[in-house]
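**Student:** Sharing a structure, written as structure tokens. Questions coming.
Number of protein chains: 2
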Amino acid sequence: MAGLQQVLVAGAWRDPVEPAGRFQAHDPATGQAIGPAFPISGRGEVEEAVAAAVAVAEALAAAEPERIAAFLDGYADGIEAEADALAALAHAETGLPVAPRLRQVELPRTTGQLRQAAHAVRQWSWAHPVIDTAAGLRAMYGPLGKPVVVFGPNNFPFAFNAVAGSDFASAIAARNPVIAKVHPLHPATSQRLGRIAHAALRAAGLPAAAVQLLYRIEHEAAGPLVGQRAIGAVGFTGGRAGGLALKAQADAAGVPFYGEMSSINPVFLLDGALEDRGQALAQEFFASCTLGSGQFCTNPGLLVVPRTPAGEAFLAAAAQHFDAAPAQVLFSADGKRHLAAAVQALLAAGARQLAGGDAPEQPGYWVRPKLLAVDAAAFLADPDRLQTEAFGPVSLVVRSAGAAQVQALARALEGNLTATLYRAADGRDDAAAAALIPLLRPRVGRLIVDRMPTGVAVSPAMNHGGPYPATSHPGFTSVGMPGAIRRFAGLHSYDHVPDALLPPLLRDANPTGARRLVDGRWSTAGVGAAA
Amino acid sequence: MAGLQQVLVAGAWRDPVEPAGRFQAHDPATGQAIGPAFPISGRGEVEEAVAAAVAVAEALAAAEPERIAAFLDGYADGIEAEADALAALAHAETGLPVAPRLRQVELPRTTGQLRQAAHAVRQWSWAHPVIDTAAGLRAMYGPLGKPVVVFGPNNFPFAFNAVAGSDFASAIAARNPVIAKVHPLHPATSQRLGRIAHAALRAAGLPAAAVQLLYRIEHEAAGPLVGQRAIGAVGFTGGRAGGLALKAQADAAGVPFYGEMSSINPVFLLDGALEDRGQALAQEFFASCTLGSGQFCTNPGLLVVPRTPAGEAFLAAAAQHFDAAPAQVLFSADGKRHLAAAVQALLAAGARQLAGGDAPEQPGYWVRPKLLAVDAAAFLADPDRLQTEAFGPVSLVVRSAGAAQVQALARALEGNLTATLYRAADGRDDAAAAALIPLLRPRVGRLIVDRMPTGVAVSPAMNHGGPYPATSHPGFTSVGMPGAIRRFAGLHSYDHVPDALLPPLLRDANPTGARRLVDGRWSTAGVGAAA
């Protein structure tokens, strides 16, 4: 097919080989196709990319960490140099506002994340070196020595992009080649990022095939991409159905699959908080629910509100916000269809519409925010269906009566990324909070008090993860260095290996002052040296 | 069925309910059934055990760590108090020698492991507390809040027993209830351990259903035991076929599965080492290959020997040891059958028998050690079949010619627990070793120099794990505290949670002096206190 955009395969941008089809981006506000045509890669091209990644895996694992760090830093610099153009492209393809979202928030977060990964590489904080001199054993995390495949989501064209986001930075920091399967809703943004990455890779003197980029693959190509032993691991951010289909293929081949798939992020409003600041909470909730048209993994999709006068007043205020809200634009026609289907599923399961409405028929992917409600008893009778994720500016309020019912709701929750409690500042809700926390704790990755879940700081104490089905493993975060890096690492133990044959980080001498756990104590000194 | 031994379900020893069948242990030396009849648990009993474990999961997650540590220590004390009886039972059921193996090596290792887990609980070393005051985030590992199911193997009746070994200690240390599915080849040993565990649990004031014990389950009961979301994680040590069948069920339900399944533990003998000490190496290799009748996960099953005069001399010496070796006893008739089938598969794939023979027909599960050999070229032509694991005193020698072929062999290896290099003491093999290590490193969990792989120290720098198919995840060890504990933990982040609602380990004050990563620095002080 003529005129298709180039893919980044085997170290170079090149015309697609035997593409399985073509597609374009769309302007979400109008529904019109925009930009050039991009290829859908076929099985052959995918297999070639995997082979190219396998071929450079040894060289990348052996690369000087400083080169890896220089690449990550250089890539961040390159993104900043083209920040305005990138923000304009991403806005055109996603409908997300340039300012502040794309240019002032998401892009700096993305470059900050790349630089934090570079810092973790230089500090070796991800490698967790442990030395046991009595046993003659030394251990650290090291590269998988195989390609990592990253699937990016639709909702963060920069910070979770398969060729620029946290999974990408993490896999590269651990010195693994990456095959980035970017999201087809923002191909031009991804391509531009890929070009910057490729240039930075060459400038750092790393193998050119260490980063490859495909926009979209035919269905039959998923097997070779995730379901064979040549693959070291898969990072996926996206919807549950697609994630589980890929996970099944990876699982069958013994490939670790890190999927962040779905979450409704329950928020519990306790009595005192509602009494003291119900109006402000209504505003805060509405703003969080509609941020980015509600297309956040951490969108507050479930709100537990007591049947009290303060609860009623809160709901009345929230309903006013939803009723007054203008239409918002989603990323895609599919997204609009899925949101409508999820709302229908919730209504069919017994929820009713409390506020908000429908956008008038018009071109583009416009919707209006919606607030649904259901009784706690009805929720508890059908918790699976009433935990259907509605990806967009839609939340379900569960009306509760009494602490026992609230606790039953907590126990009925699936695995989620987050749970939130709002409590009175004077501590009078704290007994209720203390009773709820142990119930919520094993069901979520991040437990939040007095703020909405939509903010995700890039911090070593973050967990952007959570129990299944929110993600595929309860012990890992996809955001926050150095933890996110460890997903793409193997545990490497060395048993009586002589000093000269050890990796530098585990030798007796410690000239860079790396922090190591030596015979049970953290130390920056050499082994045998005075501490 | 009358006269069946009791199971430990729902907090008490009780007669089995609707067992699906019965079985007995056997004396491996005679093949005679010994001891009482034990039940095969049916689906109903398994479901009851899961429900009982789920019911105590909240209480166990909330338990004082000191109670958990006291249980682990008390259990170790109880095992020591019955050490002679336990060793006698285990010897009768497994044929492993009482001394030194069971009484002087494996039993102390098991109690040491329980005490190391207790120490990790008291020190919080497994919880990895991280505090980011600027971001308002704090994180640590915590209990899964769900049952952990542990499957024990046939080859370590104490140290890997589902009710006493590393998986058990790890899951309990992380404050999860355990359902122990012990190995049916040593039911009486396991029952006695279970009785000691149960008494220690009650003495520590922990929920009595926190430890349950089943001996064997019917095939249809595997689904409820590992393949439902109520289960927090599965720890499995055993053969590959059984492990992969359970893994598939766990994977489909999103349950983390930690399986240690198979390994042939390649050993590379470099030229100088063979020249300098070939005779000693032949003895060392033979001893390791036949230790415990070769029934070690880390048995040296593959030996790469160069076609040099020193290599020939080594093989001649090794062959003498194998030819002179008396018969050894395996654990079971199945084990003997599987070993014979594996040898047949290797012979069919082109290996030839170099030394050793067959045991005369007699009662019991006797075999004689065997040394097989194959050319490197033949191995490289059919690496999958020639990496068939022969679980027993059997090794395959691969005859290599030149460094390039040795490196090709390394690249053809599947994921293994270990790889070993023997090199000359004067360093003249070190260039060859340095070229091999990067190829072996991503393919194994533990890289060993100048000693056989059969020793597995319980150390924080151990990795008893490795890439698939040796285990199901390249980043975790099943031996060594605190790493082994983290398999059974969730990552718990707290976002702006007020001090009083935080778990004690993450509060500002740090009265126990736990080691925490506070704003990038390890500290035993309180937050805000002088370091």
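Residue numbers (the working numbering), protein chains in the order written: chain A, 1 to 531; chain B, 532 to 1062.
Virtual Cβ for every residue (Gly too), placed ideally from N, Cα, C.
(1) Measure from the alpha carbon of residue 474 of chain A to the alpha carbon of each residue in B:787, B:768, B:726 and B:607, then state which is nearest.
(2) Could you compute how far the alpha carbon of residue 284 of chain A sits from the alpha carbon of residue 317 of chain A?
(3) Using CA atoms only, rank isn't needed, just tell me which of A:224, A:254, A:258 and A:233 is closest to residue 240 of chain A.
(4) At a CB-CB cut-off below 7 Å, which residues of chain A make contact with residue 1008 of chain B?
(5) Does the pairing of the segment 127–139 of chain A with the segment 212–229 of chain A give three or more beta-carbon distances under 8 Å?
(6) Please classify residue 865 of chain B: is it buried, with 16 or more other beta-carbons within 10 angstroms of its beta-carbon, or exposed?
(7) Can you check DSSP and say which residues form a bridge with residue 743 of chain B?
(8) Between the segment 693–701 of chain B and the segment 666–685 of chain B, do at least 3 Cβ pairs fall closer than 8 Å?
(9) Report yes or no: is there a C-beta of chain A within less than 8 Å of the C-beta of residue 729 of chain B?
(10) May I ask you to list, following chain order, the residues of the segment 58–78 of chain A that have a beta carbon less than 7 Å from some beta carbon of chain B?
(11) Give me, in chain order, the residues of the same chain whose beta-carbon lies closer than 7 Å to that of residue 907 of chain B; leave out the 5 immediate sequence neighbours on both sides.
(12) Within 10 angstroms of the Cβ of residue 295 of chain A, are there 16 or more other Cβ atoms? Answer buried if so, exposed if not.
(13) Here's the rule: buried if 16 or more other CB atoms are within 10 angstroms of the residue's CB, otherwise exposed. What is residue 347 of chain A?
(14) Interface residues of chain B around residue 254 of chain A at Cβ under 7 Å?
(15) On a Cα-Cα basis, can you pick out the residue from A:238, A:176, A:231 and A:228 that is closest to residue 208 of chain A?
(16) When the Cα atoms are used, what is the spatial distance from residue 586 of chain B to residue 420 of chain A?
(17) With distance defined between alpha-carbon atoms, name the residue in B:1021, B:1031 and B:1037 nearest to residue 674 of chain B.
(18) Checking contacts by CB at 8 Å: is residue 676 of chain B closer than that to chain A?
(19) Can you tell me where the beta strand (DSSP E) holding residue 1047 of chain B begins and where it ends?
(20) Measuring CA to CA, which of B:714, B:613, B:854 and B:702 is closest to residue 886 of chain B?
(21) Taking the C-alpha atoms as reference points, what is the distance between residue 1060 of chain B and residue 427 of chain A?
(22) Looking at residue 921 of chain B and residue 873 of chain B, is the spacing between their C-beta atoms short of 8 Å?
(23) Under 8 Å, Cβ to Cβ, is there at least one residue of chain A near residue 661 of chain B?
(24) Which same chain residues end up closer than 7 Å to residue 42 of chain A when comparing Cβ atoms and leaving out the 5 residues on each side of it in sequence?
(25) Please compile the residues from chain B whose C-beta is within a distance smaller than 8 Å of the C-beta of residue 400 of chain A.
(26) Does the count of Cβ pairs from the segment 625–636 of chain B and the segment 555–569 of chain B closer than 8 Å reach three?
(27) Suppose you measure from the CA of residue 71 of chain A to the CA of residue 326 of chain A; what does that come to, to the nearest Å?
(28) In terms of DSSP beta bridges, what is residue 257 of chain A paired with?
(29) Going by alpha carbons, who is nearest to residue 309 of chain A out of A:321, A:363 and A:272?
(30) What does the Cβ neighbour count give for residue 1062 of chain B, buried or exposed, with the cut at 16 atoms within 10 Å?
(31) Could you name each continuous alpha helix (DSSP H) segment of 4 residues or more that falls completely within the segment 966–1036 of chain B, going from the start of the chain to the end?
(32) Could you run through the segment 408–441 of chain A and flag, in chain order, every residue whose CB is less than 7 Å away from some CB of chain B?
(33) Would you verify that the beta carbon of residue 1012 of chain B is, or is not, closer than 8 Å to some beta carbon of chain A?
(34) Do the segment 965–974 of chain B and the segment 188–203 of chain A meet, that is, are 3 or more Cβ pairs less than 8 Å apart?
(35) Check each candidate in B:1045, B:924, B:634 and B:588 and name the one with the smallest Cα separation from residue 889 of chain B.
(36) List the whole-angstrom C-beta distance separating residue 396 of chain A from residue 301 of chain A, where the pair is believed to meet the contact cut-off of C-beta under 8 Å.
**Tutor:** Put simply:
(1) B:787
(2) 11 Å
(3) A:258
(4) 491
(5) no
(6) exposed
(7) B:710
(8) yes
(9) no
(10) 58, 61 and 62
(11) 929, 930, 931, 932, 936 and 940
(12) buried
(13) exposed
(14) 999, 1000 and 1003
(15) A:176
(16) 25 Å
(17) B:1021
(18) yes
(19) 1047–1049
(20) B:854
(21) 25 Å
(22) yes
(23) yes
(24) 18, 19, 20, 218 and 221
(25) Correct list: empty, because the minimum Cβ distance to chain B is about 20 Å.
(26) yes
(27) 43 Å
(28) A:234
(29) A:272
(30) Low confidence applies to residue 1062 of chain B: its pLDDT is 47, below 50, so where it sits in the model is not reliable enough to give any reading.
(31) 1014–1017
(32) 430, 433, 434, 437, 438 and 441
(33) no
(34) no
(35) B:924
(36) 7 Å
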